[in-house]
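Notes for the one structure printed next.
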Amino acid sequence: MKKAFSYSRELHCAVITGASSGIGAEFARLLGSRGVYLILSGRNEKALNDLRAEIGRDICTVIPADLSDTKSCIDFFAKCRRYDPDILINNAGFGLYGEFTETSLSKELEMIDVNIKAVHILFKLFLKDFTRKNRGYILNVASSAGFLPGPLMSTYYSTKSYVIRQTQAVYEELRRKGSRVKVSVLCPGPVNTEFNARAGIEGFMKGISPEYCAAYTLDKMRKGRLMIVPSIKMQAASVAVKLAPIGLVCCVSYALQSGKKRI
-14 MKKAFSYSRE LHCAVITGAS SGIGAEFARL LGSRGVYLIL SGRNEKALND
36 LRAEIGRDIC TVIPADLSDT KSCIDFFAKC RRYDPDILIN NAGFGLYGEF
86 TETSLSKELE MIDVNIKAVH ILFKLFLKDF TRKNRGYILN VASSAGFLPG
136 PLMSTYYSTK SYVIRQTQAV YEELRRKGSR VKVSVLCPGP VNTEFNARAG
186 IEGFMKGISP EYCAAYTLDK MRKGRLMIVP SIKMQAASVA VKLAPIGLVC
236 CVSYALQSGK KRI
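Residue -14 is where the sequence shown starts when you use our numbering, and the numbers rise one by one after that.
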């Protein structure tokens, strides 16, 4: 496998949200192994501290934050800025399964706060800081779900579409200015993480490993790739969706979602 990330003296500190498990934890392990200092945040402080102990307490800092709250997001950025970071992995997020008329409104609003508002705030604040320095990488973590309508997970799919479109637009703004700051959006398909359990479902499609997903993604991020889709199946699906009638896409998407089991 290619190197996940080539360490550079210009890139010394990474902020990773959603770092307590899954892809976020793997990003931390890979970057830490290459000498990048880490600022870790997530909902499970014990898991973050365990990860810090695993990677090395001297190269990690844990900064707990409630990213569903606007003020907490802004305060989190201020704390991170003291370390002069040059990589942001904007990975916090969760899903919710069920018909739109039956799912919890409060949970959906919390999801919008985390999946959209928090990602938006951190993207903007870190990008302004990186632009001032004219260096750095930002990876917004979306999903291949963002390419599709998502019956039975409609709010989650919609939040990921927002992340994709905003990242694409900002990429073009930076490109036209000749900025050295690189922004990318990760759109994986199923990954073998705790995501499904938190969404209250059991997936039936075999996913890729978080280790592979993180390594592939960091390699493409380093090269300045805008759209990162670490699965040939998902790459093909993203093309097929653009060509198929929307009614057919909705039917297929519903069939895939309805095959999942509640847990």
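Just so you know, even glycine gets a beta-carbon here, dropped at the ideal spot from N, CA and C.
Everything numeric in this text was worked out from a predicted model, so none of it was measured.
{"Asked": "Proximal residues to Asp60 (C-beta, below 8 Å), its chain only, five neighbours per side dropped", "Found": "Ala50"}
{"Asked": "Given Asn125 as reference, the closest of Arg161, Cys235, Ile24 and Gly9 once Cα atoms are compared", "Found": "Gly9"}
{"Asked": "DSSP-derived helix/strand/coil call for Gly232", "Found": "helix"}
{"Asked": "Where Lys252 falls, given that 16 or more other Cβ within 10 Å makes a residue buried", "Found": "Within the shown structure, residues of the chain are numbered from -14 to 248, placing residue 252 beyond reach of any answer."}
{"Asked": "Buried versus exposed, by CB contacts within 10 Å (16 or more), Glu158", "Found": "exposed"}
{"Asked": "Span of the beta strand (DSSP E), counted from its first residue to its last, around Ile72", "Found": "Ile72 to Asn75"}
{"Asked": "Which of helix, strand or coil DSSP assigns to Ile48", "Found": "coil"}
{"Asked": "Three-state secondary structure (DSSP) of Cys(-2)", "Found": "strand"}
{"Asked": "Buried versus exposed, by CB contacts within 10 Å (16 or more), Cys65", "Found": "buried"}
{"Asked": "Lys162 to Tyr22 span [Cα, whole Å]", "Found": "29 Å"}
{"Asked": "Contact under 9 Å by Cβ, Ala4 with Leu36", "Found": "yes"}
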